[in-house]
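These notes are about the structure you will find just below.
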Amino acid sequence: MTIRKDTALKRLALGFTGAALMLSASASMAAEKANGLTLEPPAGWRRVEEGPNVVYRADECSLSVLAPRPLGSERPVPFFQQTWNSVKGALRVLREHPPAQMPTLDGSIGRHASAVVDSGADERAIAVFMASDTRSAHFMVFTGPVPPCDGLLGDVEKVMRSVSLSDRAAVPERM
């Protein structure tokens, strides 16, 4: 029995389309909402609610999704820089990845920065992420002792890239 070339190509294309849909569905099933963001939480981390914040924990490491903050008349970039400076505070910075843009899953632009700081008691990994629309700023803050938390920064950045300000597949409101 012979299969025509165009029939084989159609079957192959249908197979790829089906696989892509299954991957898309499994990614969407892993996504959850936290304080106005849709995100894919870090695998194996526990989710708890602490006051207005949603916190994901793994051992001594935590990733907090803060309640949205109104932008008011602030612009997103200076607002992020102000928040990043307040998180670092007077801590001695040992290594820093300065603020930079980070594309998110929905195509909006987020900002993030990370550092290892000397808290006086220990060395800590910290990271801050912000995604915003015209009204609100949505922040995530990661922190924990070095080690083990510095080894989890890649997982945390993956969560940050998975952020969407709207439901999956919806078009985000542009700045």
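Residues -30 to -1, 1 to 145 in mature numbering (1 follows the signal peptide of the UniProt record, and there is no 0) are what the sequence shown lists, from first letter to last.
Using N, Cα and C, we set each Cβ at its ideal position, and we do this for glycine too.
CA-CA distance, Ala(-1) to Pro46, rounds to 28 Å.
The beta carbon of Asp125 sits closer than 6 Å to those of Pro12, all from its chain and outside the five residues before and after it, given in chain order. Within a 10 Å sphere around the beta-carbon of Ser78 sit 16 or more other beta-carbons, which makes this residue buried. Remark: C-beta atoms of Leu135 and Ala101 approach each other more closely than 8 Å.
The beta-bridge partner set that DSSP reports for Gly114 consists of Ala95. Per DSSP, the continuous beta strand (DSSP E) segment holding Asp88 begins and ends at Ile79 to Asp88.
Looking at the DSSP output, Ser102 bridges to Ala107. Annotation: the continuous alpha helix (DSSP H) that includes Asn55 extends over Pro46 to Lys58.
In this structure, the beta-carbon distance from Val18 to Val35 does not fall below 8 Å.
Per DSSP, Val63 is one residue of the beta strand (DSSP E) stretching across Arg62 to Pro73.
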